[in-house]
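Worksheet: one structure, shown below.
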Amino acid sequence: MSDPINTVIIVGGGSAGWLTAGLLAAEHRPGPQSGKKIVLVESPDVSPIGVGEGTWPTMRTSLQAMGISETDFVRHCDASFKQGTRFVGWLHGGDDYYYHPFALPPRFHEIDLARHWQSMRNELSYADAITPQPAACEMALAPKQIATPEFASVLNYGYHLDAGKFSSFLQNHCVEKLGVTHVVDNVVGINTTTDGDVESLRVQSGEPIHGDLFVDCTGFASLLIGKHYKIPYRNIQDILFNDRALAIQVPRGSDDEPIASTTLSTAQGAGWIWDIALPTRRGVGYVYSSRYATDDEAESDLRRYVAATADAAFAESFEPRQIRFDPGHREKLWHRNCVAVGLSGGFVEPLEASALVMIELAAKMISEQLPANRAVMDVVAGRFNDKFLYHWRRIVEFLKLHYALSQRNDTEYWQDNRNPVSIPPDLRESLQLWRHQSPRYQDLFHIDELFPAASYRYVLYGMGFESDGAGNSRHSDIDTRELADGLFSDSAKLKSQLLGALPTNRELISKVSKISLPKV
Ligand SMILES: Cc1cc2nc3c(=O)[nH]c(=O)nc-3n(C[C@H](O)[C@H](O)[C@H](O)COP(=O)(O)OP(=O)(O)OC[C@H]3O[C@@H](n4cnc5c(N)ncnc54)[C@H](O)[C@@H]3O)c2cc1C
2 MSDPINTVII VGGGSAGWLT AGLLAAEHRP GPQSGKKIVL VESPDVSPIG VGEGTWPTMR
62 TSLQAMGISE TDFVRHCDAS FKQGTRFVGW LHGGDDYYYH PFALPPRFHE IDLARHWQSM
122 RNELSYADAI TPQPAACEMA LAPKQIATPE FASVLNYGYH LDAGKFSSFL QNHCVEKLGV
182 THVVDNVVGI NTTTDGDVES LRVQSGEPIH GDLFVDCTGF ASLLIGKHYK IPYRNIQDIL
242 FNDRALAIQV PRGSDDEPIA STTLSTAQGA GWIWDIALPT RRGVGYVYSS RYATDDEAES
302 DLRRYVAATA DAAFAESFEP RQIRFDPGHR EKLWHRNCVA VGLSGGFVEP LEASALVMIE
362 LAAKMISEQL PANRAVMDVV AGRFNDKFLY HWRRIVEFLK LHYALSQRND TEYWQDNRNP
422 VSIPPDLRES LQLWRHQSPR YQDLFHIDEL FPAASYRYVL YGMGFESDGA GNSRHSDIDT
482 RELADGLFSD SAKLKSQLLG ALPTNRELIS KVSKISLPKV
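In this text, residue positions in the sequence shown follow this note's numbering: the first is 2, and each later residue adds one.
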């Protein structure tokens, strides 16, 4: 029990496995000096899932922490810059749209700009009033210039990337630069100690692989936490109905087609279509609920979407790949000396791209809190479970918010999504509160909330939600009016400067392919 935790075995070589390996190795420097060993085992027969192409701005910090150059990353992962999500048709089912940009509203902690925006809500959208980012996205502009140092931004950003290339890129970096040991083999069994810990993994063609801590990154196979430990799965389909996706890669019509700097999320009769623009292709897919649409119906909706946005012949001929999932998560993510990261721990639809960020957060916590020995591992495991079950709860609520506010009546899917029975009680309560005041920090309970109050505001006001302001102090309103007017006008000025100064996403990516971004 008092032996140090020296050897970490990661099972799975998808984004979860390699991100975890990279973040752990960057912090703990495997090798003779540290005494630490980080081994990643992946199957030669089971490919990584190959989707998961939208990230959050947190990915910049993760890449930087692993010592990756942003220029190399953009060049090798077919990456582009993402500034948020444009939601189309979520409110009425037509051309209506709103943005959830990555920009934090100016002086967010000091002033409730949402309150002041109410008086101009009919002329200007909330997001447009407080940040130039939606306007930059409308013009497919990049969030920075070629002279902006690596990972620094003019406007906050994450990435769109090719998931397959990303895993390979991380693999090279982890093995060549960070000292991660890579084993390609099928895990076929698990040896345990008498008290139930994982002692070693039996593999098809080599000696058993021993370790002190095992990270289950085996995707939907969930080999350790699911199949071996049988930790129950909490299904949340009564809240978030989607359980299938049809995914395709749409070739680019021409080399100079604009590369959108926002994920497009277009609502459909039984779900929504994602559209992610990479330099060489678009990743497009329909996430839907099998309770409300047949696979054929979903496929014809996807064809209709592609026909309207790409080559007609391609729209008729593509063969979509279907992915089925059980929306939810394990009731425990860390059990004994095994912790699940990525799809093995759970998955809900990719609205708001919360999966990769959860992997980054999990890997960072495991890395920062790597237990000194087995005796204290259960303490860390308990805290990890509390934190990540809380994150899961908040993700489910935040995603449900997008559906609960819709005014669409055209299909049962949308009507049922508004049925209070399908809305978690905490979200129902919050919505009641927000009728009178904007979401604030106090409405959320942790300092490292996945979705901050600012994100709730973008969705609420983007979806036409009205707060009467009765929960705000009139006095503070009068005091802050001048400051608010100044900030609105600063945002408008910044918009006209940036729209003239920022390159398009395509121009910047093309420059990065030839000239490196300056190092920090
Ligand atoms: C339709 C869809 C869209 C998505 N979009 C987004 C998005 O936009 N943004 C986002 O953040 N996330 C998104 N995600 C989630 C994202 O794809 C995943 O979180 C991410 O790719 C991590 O996957 P993973 O590494 O956990 O699993 P996988 O990629 O499935 O990797 C599993 C690994 O386990 C290995 N393995 C399995 N069995 C064995 C065995 N017996 N022995 C050895 N190795 C084994 C496999 O070889 C593989 O390497 C999306 C998911 C889906 C389904």
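Just so it is clear, CB atoms sit at the ideal spot from N, CA and C, and this is done for glycine as well.
- Sequence-distant partners of SER223 (beyond 5 residues in either direction) whose C-beta falls short of 6 Å from its own C-beta, in its chain, are SER345.
- Judged by the Cβ position, GLY68 fails to qualify as a neighbour of ligand 1 at the 7 Å threshold, every heavy atom of the ligand being at least this far.
- Membership of ASP417 in the alpha helix (DSSP H) is indicated by the continuous run 413–419.
- Burial check for VAL188: the Cβ neighbour count within 10 Å reaches 16 or more, so the residue is buried.
- Within the segment 125–167, the complete alpha helix (DSSP H) segments at least 4 residues long are 127–131 and 134–139, listed from N- to C-terminus.
- If you compare the alpha carbons of GLN370, THR56, PHE452 and ALA502 with that of PHE167, the shortest gap goes to THR56.
- Within the segment 339–404, the runs of alpha helix (DSSP H) that reach at least 4 residues and sit entirely inside it are, in chain order, 355–369.
- At a Cβ-Cβ threshold of 8 Å, PHE215 and VAL204 do not count as neighbours.
- Sequence-distant partners of LEU500 (beyond 5 residues in either direction) whose C-beta falls short of 8 Å from its own C-beta, in its chain, are PRO133, ALA136, ALA137, MET140 and LEU142.
- Rounded to the nearest whole angstrom, the C-alpha separation of GLN416 and VAL397 is 18 Å.
- Under the three-pair Cβ rule at 8 Å, the segment 278–290 does not count as touching the segment 102–114.
- Shortest gap from the CB of ILE324 to any heavy atom of ligand 1: under 7 Å.
- Relative to ligand 1, the beta carbon of ILE424 is positioned no closer than 7 Å to any heavy atom.
- Judged by DSSP in its simplified three-state form, PRO426 adopts helix.
- Within its own chain, the residues whose Cβ lies closer than 7 Å to the Cβ of GLY207, once the five positions on either side in sequence are excluded, are ASP186, listed in chain order.
- Relative to ligand 1, the beta carbon of VAL188 is positioned inside 7 Å of a heavy atom.
- The beta carbon of ALA66 sits closer than 7 Å to those of LEU24 and ALA27, all from its chain and outside the five residues before and after it, given in chain order.
- About 6 Å separates the Cβ atoms of GLY13 and GLU43, confirming a contact at the 8 Å cut-off.
- Remark: the C-beta of GLU208 is outside contact range of ligand 1, defined as less than 7 Å to any heavy atom.
- The segment 249–260 and the segment 35–53 do not touch, with fewer than three beta-carbon pairs separated by less than 8 Å.
- For the pair of segments examined, the segment 448–468 was found to touch the segment 398–405: the number of CB pairs separated by less than 8 Å reaches three.
- Here TRP435 carries a helix assignment [DSSP, helix/strand/coil].
- Nearest to VAL184 by alpha-carbon distance, out of PHE319, ALA22, GLY272 and PHE242, is ALA22.
- The beta carbons of ALA268 and TRP91 sit closer together than 8 Å.
- If you look at ARG282, you'll find it in the beta strand (DSSP E) that goes 282–289.
- ALA299 and TYR289 do touch by the CB rule: their CB atoms are close to 5 Å apart, below 8 Å.
- Cβ atoms of PHE82 and LEU509 come within 8 Å of each other, at about 7 Å.
- Looking only at LYS37, ALA313 and ASP297, the smallest Cα-Cα distance to PRO321 is reached by ASP297.
- Going by C-alpha positions, HIS93 is about 44 Å away from LYS515.
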